[in-house]
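Data first, discussion second: the structure below is written as structure tokens.
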Amino acid sequence: MSSVNLSGSSEEESELRRGPWTFEEDSLLTHYITSHGEGRWNVLAKSSGLKRTGKSCRLRWLNYLKPDIKRGNLTPQEQLAILELHSKWGNRWSKIAAELPGRTDNEIKNYWRTRVQKQARQLKIDCNSKRFLETLKHFWMPRLVEKMGQTSSQSQSSSSLSSTTNTQNSETPGLLTVPQQVKYTPYQATNENPSSSHCSSDSMKKQSEKECYHVDIDNFNVEDFMSGDILMPDCQVEAIDWINSEDAATYWNMDELWELKK
DNA sequence: AATGGTCGCAACCGCCGCTCA
DNA sequence: GTGAGCGGCGGTTGCGACCAT
1 MSSVNLSGSS
11 EEESELRRGP
21 WTFEEDSLLT
31 HYITSHGEGR
41 WNVLAKSSGL
51 KRTGKSCRLR
61 WLNYLKPDIK
71 RGNLTPQEQL
81 AILELHSKWG
91 NRWSKIAAEL
101 PGRTDNEIKN
111 YWRTRVQKQA
121 RQLKIDCNSK
131 RFLETLKHFW
141 MPRLVEKMGQ
151 TSSQSQSSSS
161 LSSTTNTQNS
171 ETPGLLTVPQ
181 QVKYTPYQAT
191 NENPSSSHCS
201 SDSMKKQSEK
211 ECYHVDIDNF
221 NVEDFMSGDI
231 LMPDCQVEAI
241 DWINSEDAAT
251 YWNMDELWEL
261 KK
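Residues in the first sequence are numbered consecutively from 1, following the UniProt record's numbering.
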């Protein structure tokens, strides 16, 4: 069924606008919702004078116009939360978005597809595989945690995440359930182990198997990080220098993360 | 400067489940 | 019980911006 057909008229159907929204349309929709409230999207679409489907109006409002929508880059906290929650729930974007106030399911979905899956492709790892989860667990998440520690020390107001915690979801035990007390050893600033600097997926697998990154995330609770209750404990160094390796950027070009290195 | 490739994001599509007559 | 209408969700696509050559 198509909402377009609700009108039942091919003439009306042909009048329906598609594509990018104009300022006037945004304004019209915003004013209508301000006056009448959300919901009843098909009625709204017709009553407001917008030549859009109800679905289109709903999407535009929820993903763009709604006042509490947060724009801009995802914070490390938010990225970590996404990784964690995705490990629990999979592609339940709306459910994940519900844990990140101001962020939309569309935005999170885009983040996952354009950033996370890109990394998986570059590593030649199936992003649905346990191996990729391990890679996230042993490398990516510790880096995010590290960055969170840095940013939180710079600004107490960095945490913009919800205090409405949906903690300890037992629905699906996550592989990445994270630590009350984080003990991890991020990568090393100095290249002490140049012989190990080749960052192939095989080497990464070996690295993972050797547990060179001591990331005790078994008991990690991401909400505790969000609340700022947990600060970074010992940040000992013991790792291959992925970053300085010639190929590293090819595999891990999460720009924000690498800024830590500078 | 022109062109082709890549990336990121907004928007659309199709399916599913819920509600209600 | 059932079918239509609707809202919500996840997957996909289109396109503008940016970058490299």
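Just so it is clear, CB atoms sit at the ideal spot from N, CA and C, and this is done for glycine as well.
On a predicted model such as this, the values are computed, not experimentally measured, just so you know.
| Query | Result |
| --- | --- |
| For PHE132, collect the residues of the same chain with a Cβ closer than 8 Å to its Cβ; drop the 5 residues on either side in sequence, then sort them by chain order. | ALA120, LEU123, ILE125, ASP126 |
| Is it the case that the Cβ atoms of residue 329 and ILE96 are separated by a distance below 9 Å? | Since the first and last residues shown for the chain are 1 and 262, residue 329 lies out of range. |
| In angstroms, rounded to a whole number, what distance separates the CA positions of THR30 and ASN73? | 24 Å |
| Under 9 Å, do ASP105 and TYR64 count as touching if we go by C-beta distance? | no |
| Give me, in chain order, the residues of the same chain whose beta-carbon lies closer than 6 Å to that of LEU144; leave out the 5 immediate sequence neighbours on both sides. | PRO76, GLN79, LEU80 |
| Enumerated in chain order, which unbroken segments of the alpha helix (DSSP H) with a length of 4 residues or greater are wholly contained in the region 17-83? | 23-36, 41-47, 54-60 |
| For the alpha helix (DSSP H) that LEU133 lies in, which residues bound it at each end? | 130-135 |
| Is the distance from the Cβ of THR53 to the Cβ of ASN42 below 9 Å? | yes |
| Tell me where the alpha helix (DSSP H) around residue 270 begins and ends. | Because the chain is modelled from 1 through 262, residue 270 falls outside the range shown and cannot be assessed. |
| Using CA atoms only, rank isn't needed, just tell me which of TRP140, LEU100, LYS137, LEU50 is closest to ASP68. | LEU100 |
| Quick one, are the C-beta atoms of LEU44 and TYR32 less than 9 Å apart? | yes |
| Could you give the distance in angstroms between the alpha-carbon of GLY49 and the alpha-carbon of ARG103? | 28 Å |
| Taking the straight line between their C-alpha atoms, what separation do you get for ARG113 and ASN91? | 11 Å |
| Express the C-alpha separation of LYS70 and TRP61 in angstroms, rounding to a whole number. | 13 Å |
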